[in-house]
Amino acid sequence: MSDPLFGVIASALNLIPSDFGGGCPVPKANVLAWLIRHFNIRATCEIGVYRGRSLFPQAIAHKVATGGMAYGVDPYSPYAAMEYDNIELAERIGAHTRATDWEAMYDRVIELRGAFDLDRHCTVVRQASADAAIEFARQGLRFGLVHIDGNHDTAPVMKDVELYLPLLEPDGFVVMDDASWGSVKPAVAAVAARAVPIIEVPDSLAGDYAVFRLGPDDPGHESLREVLRGYAFAVE
Numbered sequence: 003m004s005d006p007l008f009g010v011i012a013s014a015l016n017l018i019p020s021d022f023g024g025g026c027p028v029p030k031a032n033v034l035a036w037l038i039r040h041f042n043i044r045a046t047c048e049i050g051v052y053r054g055r056s057l058f059p060q061a062i063a064h065k066v067a068t069g070g071m072a073y074g075v076d077p078y079s080p081y082a083a084m085e086y087d088n089i090e091l092a093e094r095i096g097a098h099t100r101a102t103d104w105e106a107m108y109d110r111v112i113e114l115r116g117a118f119d120l121d122r123h124c125t126v127v128r129q130a131s132a133d134a135a136i137e138f139a140r141q142g143l144r145f146g147l148v149h150i151d152g153n154h155d156t157a158p159v160m161k162d163v164e165l166y167l168p169l170l171e172p173d174g175f176v177v178m179d180d181a182s183w184g185s186v187k188p189a190v191a192a193v194a195a196r197a198v199p200i201i202e203v204p205d206s207l208a209g210d211y212a213v214f215r216l217g218p219d220d221p222g223h224e225s226l227r228e229v230l231r232g233y234a235f236a237v238e
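When the count follows the numbering used here, it moves up by one through the sequence shown with no breaks and lands on 238 for the last residue.
Here it is in structure tokens:
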């Protein structure tokens, strides 16, 4: 793609590895960034930063296009990262979580924020998502986009939906990561009951996520879906 914004994002993601614990393919990063730029979203929130592959594209879009802020919420704690509901992956998740140096990962994210010159457009909140939601509500913050990519067990992801949907602007977007996971599907259904489905990307290579928008459906959403499909399934 020739879009300069996407070029900046691709260059940044070249410096951030993906691994078993998390990652964001370039097409998904482009979808997030395009939404921010196209709808002039001034504040976005990411639950589950990990290495920052989906947070930094949001911050770059704010720097380039909106002047806004991307808030990333992650406690960087092995306790918070442990997951049990996905039986097939639980043992591997546990081993990866115990082997990860969470302090070093947090330090690297802060280092990259400076290297990408994003200090004015990216805030990393090192808290549990529930605690951060309370503070955001106290501050009166509202987000145009929330990316829910924290703990994927059913209870915590349902809690994230419960706490963060009220923090969205009336026409804001919700992006649900790993929407095909059995443990995440109840939360996806809860969002679908309150928001308009825009696109679902079930291909794990393209990201495995779903995008929803608050407010009523309207004919304009079909053209939005068409644009986002083009970016979501673009060949890297």
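Note that the Cβ used here is the ideal one computed from N, Cα and C, for glycine as well.
Is the Cβ-Cβ distance between residue i and residue j less than 9 Å?
| i | j | result |
| --- | --- | --- |
| P204 | S182 | yes |
| L170 | V176 | yes |
| G209 | I43 | no |
| Y52 | M107 | yes |
| R122 | K65 | yes |
| I201 | D179 | no |
| A82 | A130 | yes |
| A45 | L165 | no |
| D21 | N88 | no |
| G152 | D76 | yes |
In angstroms with no decimal places, state the Cα-to-Cα distance between residue i and residue j.
| i | j | result |
| --- | --- | --- |
| S56 | L147 | 13 Å |
| H98 | M84 | 9 Å |
| R39 | N32 | 10 Å |
| G222 | I136 | 34 Å |
| R196 | Y78 | 30 Å |
| M3 | L37 | At M3 the pLDDT is 49, less than 50, meaning the model places this residue with poor confidence; the figure from the coordinates comes in the next sentence. Going from the Cα of M3 to the Cα of L37 covers about 16 Å. |
| A191 | P158 | 15 Å |
| I11 | A139 | 30 Å |
| E228 | F235 | 11 Å |
| E48 | L167 | 13 Å |
| K2 | K161 | This structure cannot settle anything about residue 2, because the visible part of the chain is limited to 3 through 238. |
| E105 | R128 | 11 Å |
| M71 | E113 | 18 Å |
Name the residue from the options whose alpha carbon lies nearest to the alpha carbon of residue i.
| i | options | result |
| --- | --- | --- |
| L216 | K187, A236, V163 and A234 | V163 |
| P29 | P218, I112 and Y211 | Y211 |
| P218 | S225, V198, L230 and E224 | V198 |
| L91 | G23, V213 and R231 | G23 |
My guess is that residue i and residue j are in contact by the Cβ rule of under 8 Å, so how many angstroms apart are they, rounded?
| i | j | result |
| --- | --- | --- |
| A63 | L120 | 11 Å between Cβ atoms; not a contact. |
| G50 | I18 | Not really, about 14 Å apart at Cβ, beyond 8 Å. |
| A61 | C124 | 4 Å |
| L207 | P27 | 7 Å |
| A35 | F118 | With 8 Å as the limit, A35 and F118 do not qualify as a contact, their Cβ atoms being about 13 Å apart. |
If you measure from the CB of residue i, is any heavy atom of the ligand COA nearer than 8 Å?
| i | result |
| --- | --- |
| E48 | The ligand COA is absent from the structure shown, which contains no ligand whatsoever. |
#### Entry: Unbroken stretches of the alpha helix (DSSP H), 4 residues or longer, contained in the segment 88-172
Within the segment 88-172, the complete alpha helix (DSSP H) runs of at least 4 residues fall at 89-101, 104-117, 131-141 and 156-166.
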